[in-house]
Amino acid sequence: VLDSSLNKNITLDDIFISVKTTKHYQYTRLPIILKTWFQLAKDQTWFFTDTDNQQQQNQTNGHMVNTKCSASHQRKHLCCKMSVEYDHFLESGKKWFCHFDDDNYVNVPRLVSVLQTYNHQEDWYLGRTSVYEPVKIYKKPTNQLLFSFWFATGGAGFCVSRSLALKMLPVASGGRFISICEGIRLPDDVSMGFIIEHLMKKNLTLVPEFHSHLEQMKLLMSESFRDQISFSYSKTKNVWNVINVPGFDSRYDPTRFLSLHCFLFPHFKFCPR
Ligand code: UDP
Ligand code: MN
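Heads up: the sequence shown runs through residues 5 to 277, numbered per this note's numbering.
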């Protein structure tokens, strides 16, 4: 029986995996990614940063892009990076644009299998929300509700099909994404939601397998790790928000990503046997 719900034509090579990073995290967050999931998607993953690091440029076979956006957490500069990510995706000719942060672990085989259930020739915006209601835009000074929209949390990762990305071209390509961010004065992921839901009139499709550290990571059960697309971690006031996974000592692996990688891929070179 032919299973028409699966689009087996999609392989890892059809996906442009884009990771936003910065000079500040080049020696903390990036090495963990390079050691783990990047090894499973070396030719498909690109890093968008704001510095030059020759060693990492070699390690990634030239996949570090210096966006020349400034290294700060300000809206404008984060939007600058997203804008460059989007432009590089368009240039790549790939079927799916998937964005992640540098505190995400991407479960590469699962990302591929989930995307196989959607048609890249249709308009898809896949991700996870972290808010309980849509963003609402009011008219000043009367406070009349103008419109509202949902957005996928950038820190959980999200994917956009090529068909939809091409429709956004007139408003978002060639750096125009930055102008939109500045115009509505909202962060990069919110601006993506604004463009797709409000300007393109395409709704976000909720894919709960994307995860950001806005959730409590320990609530994810290890039995379900294989089904998840992304994971994250954070540390606030010396308290880590991390997944609960058996493996390496927490002093050696505080983010738990090395342990997660060995949980998913036990035969990997650095995993105990
Ligand atoms: N980031 C960046 N420039 C900065 C700070 C952060 O490009 O000056 C990136 C960072 O590498 C990550 C994302 O923005 O991919 C989110 O940063 P972080 O996790 O520090 O903050 P959060 O928004 O999750 O609290
Ligand atoms: Mn983060």
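Where a beta carbon is used, it is the ideal one built from N, C-alpha and C, also for glycine.
Query: Own chain residues within Cβ distance below 7 Å of Asp257, not counting five before or after; Result: Gly251 and Ser263
Query: The segment 179-190 touching the segment 125-133, judged by at least three CB pairs closer than 8 Å; Result: no
Query: C-alpha distance - Val164 paired with Leu190, whole-angstrom precision; Result: 19 Å
Query: Residues sharing a beta bridge with Tyr142, DSSP; Result: Leu149
Query: Residue nearest to Trp41 in terms of C-alpha spacing, selected from Arg114, Tyr31 and Tyr29; Result: Arg114
Query: Backbone CA spacing between Ser195 and Pro276 [nearest angstrom]; Result: 43 Å
Query: Within the segment 45-132, ranges of the beta strand (DSSP E) (whole runs, at least 3 residues); Result: 49-53, 68-70, 100-105, 108-110 and 129-131
Query: Pair within 9 Å by beta-carbon distance, Ile19 and Leu168; Result: no
Query: Exposure of Asp106, with buried meaning 16 or more beta-carbon neighbours within 10 Å; Result: buried
Query: Residues bridged to Asn245 [DSSP beta-bridge criterion]; Result: Ser238
Query: Heavy atom of the ligand UDP within 8 Å of Arg260 beta-carbon; Result: no
Query: Sequence-ordered residues whose beta carbon comes within less than 5 Å of a heavy atom of the ligand MN; Result: Asp107 and Gly159
Query: Beta-bridge partners of Val164, as assigned by DSSP; Result: Phe101 and Tyr129
Query: Opposing strand residues paired with Thr209 [DSSP bridges]; Result: Leu130
Query: Pair within 9 Å by beta-carbon distance, Val249 and Phe229; Result: yes
Query: Exposed unless 16 or more other CB atoms sit within 10 angstroms - verdict on Val5; Result: With a pLDDT of only 48 at Val5, under 50, the local geometry of the prediction cannot be trusted, and no value is derived from it.
Query: Any non-hydrogen atom of the ligand UDP closer than 8 Å to Val23 Cβ; Result: yes
Query: Top-ranked residue by Cα proximity to Tyr109, from Ile21, His92, Leu208 and Arg255; Result: Ile21
Query: Identified DSSP bridge partners for Phe20; Result: Phe101
Query: Classification of Phe261 by the beta-carbon crowding that lies within 10 angstroms, buried from 16 upward; Result: buried
Query: Other residues of its chain near Leu173: CB distance less than 8 Å, five sequence neighbours each side excluded; Result: Leu94
Query: Buried/exposed call for Leu34, threshold 16 Cβ in 10 Å; Result: buried
Query: Among Glu186, Asn13, Trp244 and Phe198, nearest to Ser117 - alpha-carbon criterion; Result: Asn13
Query: Where Ser234 falls, given that 16 or more other Cβ within 10 Å makes a residue buried; Result: buried
Query: Stretch pair the segment 132-139 + the segment 199-215: three plus CB contacts closer than 8 Å; Result: yes
Query: Neighbour flag for Val164 against chain C, beta carbons, 9 Å; Result: Among the chains in the structure shown there is no chain C, since it carries only a single protein chain.
Query: Residue from Leu38, Ala160 and Leu268 whose Cα sits closest to the Cα of Met221; Result: Ala160
Query: Backbone secondary structure at Leu268 - three-state DSSP; Result: helix
Query: 6 Å Cβ shell around Lys85 - same chain, five flanking residues per side excluded; Result: Lys24, Phe52, Thr71 and Cys73
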